[in-house]
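Student: Under numbering that gives the first Met the number 0, the first residue of the sequence shown carries the number 0, and numbering increases by one thereafter.
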Amino acid sequence: MAFPENFLWGAATSAYQVEGAWDEDGKGRSIWDNFVRIPGNTFEGTNGNVAADHYHRYKEDVALMAEMGLKSYRFSISWSRLLPNGRGEVNEKGVEFYSDLIDELLKHNIVPFVTLYHWDLPQALQDDVAGWESRVCVDAFAEYARLCFERFGTRVNHWITFNEPVIFEMFGYVTEAHPPAKNDPHLMYQVSHHVNLAHAKAVLEYRELGFQGEIGLTNVISPAYPYTDSAADREAAWWAESFTFHWFYDPILKGEYPAEYLAAIEEQFGKLDITANDLALLKQAKSDFIGINYYQPARIAAPEAESLCAVGRESNTGAAGNASFCGRYRTVLDTAQFEYTKWRWEICPDALRDCMHRIKDRYGEIPIYITENGLGDEDTVVDGVIFDETRINYISRHLSACKQAISEGIPLKGYYAWSWIDLLSWLNGYKKRYGFVYVVGSTLERKKKQSYFWYEQVIASNGESL
Ligand code: BGP
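1. Report the start-end ranges of each alpha helix (DSSP H) in the segment 17–67 that is 4 residues or longer and not cut off at the edges.
2. The ligand BGP and residue 163: does the residue's C-beta get closer than 7 Å to at least one heavy atom of that ligand?
3. Can you list, in chain order, the residues of its chain whose CB lies under 8 Å from that of residue 54, leaving out five sequence neighbours each side?
4. Output the distance between the C-alpha atoms of residue 109 and residue 69, rounded to the nearest integer angstrom.
5. Is the closest heavy atom of the ligand BGP to the C-beta of residue 16 under 7 Å?
6. So the candidates are 345, 435, 288, 402; which of them puts its Cα closest to the Cα of residue 363?
7. Residue 324 to residue 107, Cα distance in whole Å?
8. Hey, quick one: how far does the beta strand (DSSP E) through residue 385 stretch, first residue to last?
9. Verify the contact flag: residue 375, CB atom, against every heavy atom of the ligand BGP, threshold strictly below 7 Å.
10. Roughly how many whole angstroms lie between the Cα atoms of residue 415 and residue 145?
11. From the DSSP output, in three-state form, read off residue 76 for me.
12. Does the distance from the CB of residue 177 to the CB of residue 137 come in under 8 Å?
13. By how many angstroms is the C-alpha of residue 2 removed from the C-alpha of residue 402?
14. Can you tell me the Cβ-Cβ gap for residue 448 and residue 387, rounded? I've got them flagged as a contact below 8 Å.
15. Less than 8 Å separating the beta-carbons of residue 214 and residue 286?
16. Mind checking residue 87: buried by the 16 CB within 10 Å criterion, or exposed?
17. Determine the DSSP secondary structure at residue 307, reduced to helix, strand or coil.
18. Quick check on residue 240: buried or exposed, where buried means 16 or more other Cβ atoms within 10 Å of its Cβ?
19. I need the straight-line Cα distance from residue 464 to residue 211, nearest angstrom please.
20. Report the option in 94, 424, 101, 396 whose CA atom is closest to the CA atom of residue 156.
21. Can you tell me whether residue 53 sits near the ligand BGP, meaning its C-beta is under 7 Å from at least one heavy atom of the ligand?
22. Within the same chain, show all residues whose beta-carbon is closer than 6 Å to that of residue 13, passing over the 5 residues directly before and after it, in chain order.
23. Excluding the 5 residues flanking residue 140 on each side, which residues of the same chain have their C-beta closer than 6 Å to its C-beta?
24. Could you round the C-beta distance between residue 373 and residue 425 to whole angstroms and report it? I think they count as a contact, below 8 Å.
25. Tell me the DSSP secondary structure of residue 199 in three-state form.
26. Tell me whether residue 322 sits in a helix, a strand or coil according to DSSP, three-state version.
27. With distances taken between CB atoms, is the gap from residue 368 to residue 67 smaller than 8 Å?
28. Nearest-angstrom Cα distance between residue 111 and residue 150?
29. In whole angstroms, give me the CA-to-CA distance for residue 48 and residue 152.
30. Name the residue from 8, 430, 409, 336 whose alpha carbon lies nearest to the alpha carbon of residue 226.
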């Protein structure tokens with residue numbers, strides 16, 4: 000049982016959560032820049048104006064990565080930093096920032112793994128064409144993707160088109176917890192289709208330019224388990240699996256929608272606009288890998304009310320939430336039976352191994368990267384030492400699950416802890432920390448946590464010393 004020689008030991012961030020410099024050097028506004036300004040949307044009104052100030056401190060950050068021995072850094076590009084209006088005029092200062100960051104990484108032999116869309120849609124596109132509700136946005140994304148490939152494609156060989164469509168679509172169009180904060184399930188499914196088309200177009204752009212690197216998409220999986228063995232709970236789990244897993248992965252990995260689920264949606268919410276040309280496009284755009292973000296499984300029980308779509312929202316109170324999603328299913332929280340984080344996300348390493356098997360069983364030998372996995376916590380600082388054993392414990396157990404999965408034949412090529420450095424938690428500000436590197440709130444000074452030293456050893460031993 001061992002990790003392969005060239006395994007990518009990584010850590011991840013995203014632009015809005017880490018960069019800051021929200022209106023500097025010609026950057027346009029994103030939907031998150033505006034959303035956080037509406038009172039009540041985020042914990043204590045926290046925003047990404049400064050975040051971890053990575054925009055100004057990226058050299059120091061990359062030096063810390065190099066010192067640790069990090070093999071790969073996953074980060075995202077802010078679309079509105081490159082194209083302030085979403086399309087058209089290019090902001091060269093924005094291009095320069097990412098170009099310099101990439102060079103800095105390569106100088107230290109750190110592989111850049113780049114996400115094109117980590118939720119920060121240019122506000123201009125939201126205003127002008129209603130964002131993902133419109134097919135114009137699909138073409139705008141293809142234009143943006145092409146720009147990124149042209150400018151960075153000779154230096155970046157790993158591309159993720161979208162991060163977690165399931166979250167930004169469900170939270171943006173049903174639970175109202177993310178921008179544009181609507182509650183319209185039919186629209187959510189239509190948006191979902193547009194995002195899949197945008198992914199497909201970007202994949203084709205990449206191939207057309209002749210690059211030899213790899214391109215795929217990242218989604219989150221919370222594998223569904225029936226809470227009890229009752230027929231009702233097992234059926235509910237089927238619905239949960241159909242929505243949160245098959246609905247989002249089938250079009251990317253099979254080029255089609257799960258027929259039974261699609262029929263059920265259309266019966267309840269009305270026809271979706273999906274043409275034969277669209278389906279041909281999805282079939283054509285083959286992904287080279289699939290990225291999995293994994294945090295927790297879902298314990299599923301039969302619903303209390305009938306509706307196909309999830310409702311309920313993630314907490315933004317700075318404390319644990321009670322997000323209970325009902326629909327044709329609901330998620331169950333059972334603190335007596337299961338283990339949870341402080342934010343009540345269930346800790347279950349074996350479900351990570353299981354979800355890789357579910358991918359393999361359904362889609363075959365597609366290479367997998369774990370593109371996010373980690374623990375949000377309030378870390379304890381004693382005499383300048385940052386103790387985060389709970390994080391070490393969490394990551395260590397999940398890496399053991401990865402090791403086992405590899406020994407069972409799963410083609411896992413890399414693991415990215417979320418996150419490299421403390422950064423903005425979307426709804427819970429800077430209170431919920433995830434990084435190997437601690438950021439002091441008042442000064443933004445960087446300090447190594449205990450987990451930093453631990454991960455350094457893990458990498459040095461290629462996973463032998465978990
Ligand atoms: C994922 C996102 C990340 C990150 C993580 C932790 O869904 O891709 O961007 O934020 O979740 O979530 P949170 O910050 O809400 O604790």
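Glycine included, each C-beta is placed from N, C-alpha and C at the ideal position.
Being a predicted model, the structure only gives us computed values, none of them experimental.
Tutor: A quick look at the data gives this:
1. 30–34, 53–67
2. In the sequence shown, counting from the first residue as 1, residue 163 sits at position 164. Under cutoff, so the answer is yes.
3. Reading the sequence shown from its first residue, position 55 is the one you call residue 54. Result list for residue 54: 18, 19, 20, 23, 96, in chain order.
4. Here residue 109 refers to the residue found at position 110 of the sequence shown. Here residue 69 refers to the residue found at position 70 of the sequence shown. So the two alpha carbons sit approximately 7 Å from each other.
5. The residue you call residue 16 lines up with position 17 of the sequence shown. Yes - the ligand BGP has a heavy atom lying nearer than 7 Å to the Cβ of residue 16.
6. Your numbering for residue 363 matches position 364 in the sequence shown. Among 345, 435, 288, 402, the Cα nearest to that of residue 363 belongs to 288.
7. Taking the first residue of the sequence shown as 1, we reach residue 324 at position 325. Taking the first residue of the sequence shown as 1, we reach residue 107 at position 108. Because residue 324 carries a pLDDT of 44, less than 50, the predicted location of this residue cannot be relied on, and the following value inherits that uncertainty. Whole-angstrom Cα-Cα distance: 44 Å.
8. Locating residue 385 in the sequence shown gives position 386, counting from the first residue. Where residue 385 is concerned, the enclosing beta strand (DSSP E) stretches over 384–386.
9. Mapped onto the sequence shown, residue 375 falls at position 376. At least one heavy atom of the ligand BGP is nearer than 7 Å to the Cβ of residue 375, so yes.
10. As a first step, residue 415 must be located in the sequence shown, where it is residue number 416. As a first step, residue 145 must be located in the sequence shown, where it is residue number 146. When rounded, the distance between both Cα atoms is 25 Å.
11. As a working mapping, residue 76 is identified with position 77 in the sequence shown. DSSP places residue 76 in coil when its eight states are reduced to three.
12. Translated into the one-based positions of the sequence shown, residue 177 becomes position 178. Translated into the one-based positions of the sequence shown, residue 137 becomes position 138. Result no, Cβ atoms of residue 177 and residue 137 do not sit closer than 8 Å.
13. Residue mapping note: residue 402 aligns to position 403 of the sequence shown, counting from 1. Residue mapping note: residue 2 aligns to position 3 of the sequence shown, counting from 1. Going by the C-alpha atoms only, they are around 6 Å apart.
14. The residue given as residue 448 occupies position 449 in the sequence shown. The residue given as residue 387 occupies position 388 in the sequence shown. The pair is a contact, with the Cβ atoms about 5 Å apart (cut-off 8 Å).
15. Position 215 of the sequence shown holds residue 214. Position 287 of the sequence shown holds residue 286. Yes, they are a contact pair.
16. In the sequence shown, counting from the first residue as 1, residue 87 sits at position 88. Exposed is the call here.
17. By 1-based counting over the sequence shown, the position of residue 307 is 308. Low confidence applies here, because residue 307 scores a pLDDT of 45, under 50, leaving its location unreliable and the question unanswered by this model.
18. In the sequence shown, residue 240 corresponds to position 241, counting from 1. Residue 240 is buried by the Cβ-count criterion.
19. Within the sequence shown, the letter at position 465 stands for residue 464. Within the sequence shown, the letter at position 212 stands for residue 211. The straight-line gap from Cα to Cα measures roughly 34 Å.
20. If you number the sequence shown from 1, residue 156 lands on position 157. Among 94, 424, 101, 396, the Cα nearest to that of residue 156 is on 101.
21. Looking up residue 53 in the sequence shown gives position 54. False, no ligand heavy atom lies under 7 Å from that Cβ.
22. Your numbering for residue 13 matches position 14 in the sequence shown. Hits under 6 Å: 75, 117.
23. As a first step, residue 140 is located in the sequence shown; it is residue number 141 there, counting from the start. Taken in chain order, the residues that qualify are 197.
24. Translated into the one-based positions of the sequence shown, residue 373 becomes position 374. Translated into the one-based positions of the sequence shown, residue 425 becomes position 426. That belief does not hold up - the Cβ atoms of residue 373 and residue 425 are roughly 14 Å apart, past 8 Å.
25. Taking the first residue of the sequence shown as 1, we reach residue 199 at position 200. Residue 199 falls in the helix class under three-state DSSP.
26. By 1-based counting over the sequence shown, the position of residue 322 is 323. Residue placement at residue 322 is poorly supported in this model, since its pLDDT is 41, which falls under 50; the coordinates still yield a value, given next. Note: residue 322 maps to coil in three-state DSSP.
27. Here residue 368 refers to the residue found at position 369 of the sequence shown. Here residue 67 refers to the residue found at position 68 of the sequence shown. It is not a contact, given that the beta carbons lie outside the stated cut-off.
28. Along the sequence shown, read from residue 1 onward, the residue named residue 111 stands at position 112. Along the sequence shown, read from residue 1 onward, the residue named residue 150 stands at position 151. Approximately 14 Å, taken between the alpha carbons.
29. Within the sequence shown, the letter at position 49 stands for residue 48. Within the sequence shown, the letter at position 153 stands for residue 152. Each residue's alpha carbon lies about 29 Å from the other.
30. The sequence position of residue 226 within the sequence shown is 227, counting from 1. Here the closest residue by C-alpha is 336.
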